[in-house]
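Engineer: Take a look at this one; I'll ask things after.
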Amino acid sequence: MTYQVINASLLLPQHRQRAYFVGIRQDLKAECAAFRWPRIPVLQRPVKYILEPESAVQDCYLTPHQWGKILGNAHYQKDPSRRMVRLGGVARTLTSSYKSGFYMYSEFVPPPKEGSEPRFWSPREAARIMGFPETFTLGACKNLGRSYHQLGNAVCPPIIAAIGGCLNRALQQRPAPVGTDGTDLAPALDLVLQGCPASMHVSDDPTTASLLGTSRGVSAPTPAAV
Numbered sequence: 038m039t040y041q042v043i044n045a046s047l048l049l050p051q052h053r054q055r056a057y058f059v060g061i062r063q064d065l066k067a068e069c070a071a072f073r074w075p076r077i078p079v080l081q082r083p084v085k086y087i088l089e090p091e092s093a094v095q096d097c098y099l100t101p102h103q104w105g106k107i108l109g110n111a112h113y114q115k116d117p118s119r120r121m122v123r124l125g126g127v128a129r130t131l132t133s134s135y136k137s138g139f140y141m142y143s144e145f146v147p148p149p150k151e152g153s154e155p156r157f158w159s160p161r162e163a164a165r166i167m168g169f170p171e172t173f174t175l176g177a178c179k180n181l182g183r184s185y186h187q188l189g190n191a192v193c194p195p196i197i198a199a200i201g202g203c204l205n206r207a208l209q210q211r212p213a214p215v216g217t218d219g220t221d222l223a224p225a226l227d228l229v230l231q232g233c234p235a236s237m238h239v240s241d242d243p244t245t246a247s248l249l250g251t252s253r254g255v256s257a258p259t260p261a262a263v
């Protein structure tokens with residue numbers, strides 16, 4: 038049994054530190070020795086690339102009553118900027134109480150014009166910052182609050198794919214490609230691409246653009262120390 042703490046912000050526009058455990062049967066000695074944790078590149082994926090168009094998020098805005106309650110909250114008044122996501126940065130950790138706990142802790146998308154109410158993440162945006170592919174169905178929950186709850190309780194698929202790629206390589210005892218240190222990142226990078234529409238497969242960062250453009254068989258030129 039081995040574990041590693043990994044922050045999903047390496048691949049996704051969300052700060053989400055979690056401990057991941059990998060266990061291999063003790064009798065599989067060669068496989069145990071072959072396992073290496075993934076060397077995950079830093080992809081520089083800011084929030085602005087996963088936002089839906091305004092026409093799709095009209096139901097996500099806080100009401101004047103909800104926003105008024107937050108403005109009067111002493112916790113909010115200590116640091117108002119903490120409640121607004123930086124579009125050029127990453128989101129705070131999405132929690133299961135994102136919608137129900139909006140009064141105290143939830144992070145909002147700033148309004149398009151100053152002086153109006155901000156909004157919640159849309160369910161699709163919440164799925165994107167978690168790394169779920171666009172094909173992932175969100176309509177199963179009739180109550181939108183349950184969608185946020187389930188997404189906030191989930192693990193990030195690209196991180197699991199990165200770990201799974203390494204575990205699969207170890208179990209098959211396949212030699213690692215030169216320069217990858219045992220990492221098979223193709224499934225993880227494919228999921229990153231599937232987690233946003235094709236029109237958003239862009240990046241201000243050249244390394245990120247290169248990795249996302251050639252995800253199959255790519256090595257990790259900027260590995261993170263995790």
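First residue of the sequence shown: 38, per my numbering; consecutive thereafter. No residue lacks a Cβ here, since even glycine has one placed at the ideal position from N, Cα and C. Note that the structure is a prediction, hence the values are computed from the model and not measured.
Tell me whether the beta-carbon of G109 lies closer than 9 Å to the beta-carbon of P170.
Structural biologist: no
Engineer: For the alpha helix (DSSP H) that Q63 lies in, which residues bound it at each end?
Structural biologist: Note, Q63: premise wrong, no alpha helix (DSSP H); not H, not E.
Engineer: Just list the alpha helix (DSSP H) runs in the stretch 127-156, keeping only unbroken ones of 4 residues or longer that don't cross its boundaries, in chain order.
Structural biologist: none
Engineer: Specify the secondary structure class of N5 as computed by DSSP and reduced to three states.
Structural biologist: There is simply no residue 5 to check, as the chain begins at 38 and stops at 263 in what is shown.
Engineer: Work out the CA separation of H102 and L222 for me, nearest whole Å.
Structural biologist: 46 Å
Engineer: Mapping DSSP to helix, strand and coil, what is N205?
Structural biologist: helix
Engineer: Suppose contacts are defined by Cβ-Cβ distances below 9 Å. Is L124 in contact with A163 by that definition?
Structural biologist: no
Engineer: Does the pairing of the stretch 152-160 with the stretch 70-83 give three or more beta-carbon distances under 8 Å?
Structural biologist: no
Engineer: For S134, which option in G182, A56 and Q63 has the closest C-alpha, if you only look at C-alpha atoms?
Structural biologist: Out of G182, A56 and Q63, G182 has the C-alpha closest to the C-alpha of S134.
Engineer: Could you please give me the residues that DSSP links to I43 through a beta bridge?
Structural biologist: R55
Engineer: For M121, write down the residues that DSSP places opposite it in a beta bridge.
Structural biologist: F145
Engineer: Taking all protein chains shown into account, decide if V122 is buried (16 or more other Cβ within 10 angstroms of its Cβ) or exposed.
Structural biologist: buried
Engineer: For Q185, count neighbouring C-beta atoms within 10 Å of its own C-beta (all shown protein chains included) and say buried if the count is 16 or more, exposed if not.
Structural biologist: According to the sequence as given, residue 185 is Tyr; it is not Gln. Buried.
Engineer: Closest to C203 by C-alpha separation, out of L188, P224, Q187 and R119, would be which residue?
Structural biologist: Proximity to C203 across L188, P224, Q187 and R119 peaks at P224, based on C-alpha coordinates.
Engineer: What residues are listed by DSSP as bridge partners for Y98?
Structural biologist: R156
Engineer: In chain order, what residues of the same chain have a beta carbon less than 7 Å from the beta carbon of Y140, not counting five sequence neighbours either side?
Structural biologist: Answer for Y140: K106, I107 and N110, listed in chain order.
Engineer: Using 9 Å as the threshold, is the C-beta distance between A207 and A56 below it?
Structural biologist: no
Engineer: Keeping to the same chain, check which residues put their C-beta closer than 6 Å to that of R53; ignore five residues upstream and five downstream.
Structural biologist: A45 and T130
Engineer: By Cβ distance, which residues of its chain are closer than 7 Å to R253, with the 5 residues on each side in sequence left out?
Structural biologist: Bear in mind that the predicted position of R253 carries a pLDDT of just 41, short of 50, making it unreliable; the figure below should be weighed with that in mind. Counting only Cβ-Cβ distances below 7 Å, and skipping sequence neighbours, we find A223.
Engineer: When you compare each of H112, P75, V127 and P147 to Y40 by their alpha carbons, which one comes out closest?
Structural biologist: P75
Engineer: Of all the options F58, L48, V229 and L226, which has the alpha carbon lying nearest to the alpha carbon of G126?
Structural biologist: L48
Engineer: Out of Q51, M167 and G60, which one is the CA nearest neighbour of I200?
Structural biologist: G60
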